[in-house]
Amino acid sequence: MSLTLWLMEGLSSQRDIISSIKTFWEKSFCNKTFINKTSKSLTLIASHRNQRNEILSLADIALIEPREDAQRFQFIVDTVEEYGVNAIHAGRNPQWFESHRAAIEALGVSLTTGATDANSFELADDKVEFAAYMQQHALPVVASVQINSADQLRDEIAQNRQLPQPARLCVKPVTGIYGMGFWRFDDSANPMAAFTHPDNRKVHPDLYLHALAQQGEFAPLVLMPYLPGPEYSVDMLVSKGKVLAAVARRKEGSLQYLEQSGEAYQLALRCAEVMQGDGLINVQTRHNDDGVPVLLEINMRPSGGIGYTRHSGVNLPGLFALFTLGVLSAAEVTEIAKNSFSPAVVRPLTEAVLYSATLENSPSNKVNA
Ligand SMILES: Nc1ncnc2c1ncn2[C@@H]1O[C@H](COP(=O)(O)OP(=O)(O)O)[C@@H](O)[C@H]1O
Ligand SMILES: [Mg+2]
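Residue numbers (our numbering): 68 to 436.
Here it is, written out as structure tokens:
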């Protein structure tokens, strides 16, 4: 008998999540840590819309997902039946999964989307609404003004310049990902700076406003004070709003320091609780000018860097798998996460992996073989 966990399409960390779960399972059972917990083996299914063989090849079974929403439910029904799936982890389309939660759970599987209802995703996706919600709950969050036109932004910048102590301002899209569209305004920036050194993210406001005014449909922006940092990215395993395990990554230059305490860490945990997270999620904070951490955003999904946290001894994807499959209780997860942590410093690298054009673990290939 086998316990079957299905990781549906996620972001690039889906690969790290699969390998973390496999390592954790093997290690746990080799160490005989959980020898009395289950005699079953683990089957990992991974699926993706695209031919992401570098991800899919790591699982025991690889499936290609249908592209259309309308075909997804039947695909889930068929897969659950064929492989006896016990638990599904949804990486994309959380709103769709939430609207089908009852029907999916009725198939006898547990479903993890990052939250327990669609509202949390809506709040998390809109950085202005998220900030307002955090304020309502008395959690410190970056002051966020929504900008709906180039003229409004011009006025805000002009008003800020009149202040005795003008704030350093920056913007990002109200809905966004990957840090795309984040820019700092700098009156002393060389007009070419944004083109010659885009990674510095500094732009002369006049130049930005000029480009913004040409834009057809206005995508709303968040105007914020620039926070000097350090920045924290806190990865967590949460069960219905209760944080079971967490590791913070303090980002300093190209290094990340893995921690499990401190003001930013505690703030991130409170945010996850207020947002009623469920599963592997991530909260980001940055220290303000007074050295106090404030919330930047919550991602109700695993972060791109979740795999790095493994170097602290706490394997969050592994704990998630054993928890969602019912092998470990909430109390056991918490205990393991506390006892296995030790601080570590990591340096993310980009690496190349072999990409095989065929998937040995794809059922369609097995039929052909
Ligand atoms: N107010 C701010 N001050 C300084 N840096 C910021 C601020 N807002 C965002 N950033 C930087 O931009 C990055 C992306 O912002 P974030 O809120 O995480 O949005 P997303 O990751 O969804 O694009 C952050 O990781 C941080 O480095
Ligand atoms: Mg972010």
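Idealized CB from N, CA, C, for every residue including glycine. Predicted model, so just to flag it, every value in this text is computed and none were measured.
Under the three-state DSSP convention, the category residue i falls into
i, result
"Pro384", "helix"
"Gln323", "strand"
"Val420", "coil"
"Phe164", "helix"
"Glu427", "coil"
"Leu389", "helix"
"Asn257", "coil"
"Val400", "helix"
"Val434", "Its pLDDT being 49, under 50, Val434 is placed unreliably by the model, and nothing is read from it."
"Ala173", "coil"
"His378", "helix"
"Thr105", "coil"
"Pro265", "helix"
"Leu276", "helix"
"Ser31", "Since the first and last residues shown for the chain are 68 and 436, residue 31 lies out of range."
"Gln81", "helix"
"Gln282", "coil"
"Met68", "coil"
Beta-bridge partners of residue i, as assigned by DSSP
i, result
"Trp73", "Ile112 and Ile155"
"Pro240", "Leu288"
"Ala411", "Leu325"
"Val270", "Phe252"
"Glu364", "Gln351"
"Glu93", "Looking at the DSSP assignment, Glu93 forms no beta bridge with any residue, so it has no partner."
"Glu298", "Lys318 and Arg353"
For the 8 Å Cβ check, are there 3 or more pairs between the region 329 to 337 and the region 262 to 273? no
Touch check for the region 362 to 369 and the region 69 to 82: three-plus C-beta pairs under 8 Å? Result yes; three or more Cβ-Cβ pairs closer than 8 Å.
Can at least three beta-carbon pairs, one atom from the region 336 to 350 and one from the region 172 to 183, be found at a separation below 8 Å? yes
May I have a chain-ordered list of the alpha helix (DSSP H) segments no shorter than 4 residues that lie completely inside the region 177 to 234? 185 to 192, 194 to 203 and 217 to 229
Report the residue ranges of all alpha helix (DSSP H) runs contained in full by the region 300 to 359; include only those spanning at least 4 residues, in chain order. 330 to 341
Take every Cβ of the region 398 to 405, pair it with every Cβ of the region 110 to 122, and state whether three or more of those distances are shorter than 8 Å. Contact fails between the region 398 to 405 and the region 110 to 122, because fewer than three Cβ pairs, one in each stretch, are under 8 Å apart.
Mind listing, in chain order, the continuous beta strand (DSSP E) runs of no fewer than 3 residues lying wholly within the region 115 to 155? 128 to 131
Within the chosen definition, does the region 225 to 241 reach the region 190 to 202 through at least 3 CB pairs nearer than 8 Å? yes
Neighbourhood of ligand 2 [Cβ distance below 7 Å to any heavy atom], ordered by chain position: Gly246, Gln351, Leu363, Glu364 and Asn366
How do the region 373 to 380 and the region 248 to 260 stand: do at least 3 beta-carbon pairs fall below 8 Å, yes or no? Here the region 373 to 380 does not lie against the region 248 to 260, with fewer than 3 beta-carbon pairs under 8 Å apart.
Whether or not the region 382 to 390 and the region 413 to 430 are in contact is what I'm after, with contact meaning three or more pairs of Cβ atoms, one per stretch, closer than 8 Å; do they touch? no
So, do the region 351 to 362 and the region 288 to 306 have three or more beta carbon pairs nearer to each other than 8 Å? yes
Given 8 Å as the limit, is there contact between the region 277 to 284 and the region 319 to 326, that is, 3 or more CB pairs closer than that? Fewer than three beta-carbon pairs drawn from the region 277 to 284 and the region 319 to 326 are found closer than 8 Å, and the two stretches are therefore not classed as touching.
Using 8 Å as the Cβ pair cut-off and three pairs as the minimum, do the region 307 to 315 and the region 145 to 159 touch? no
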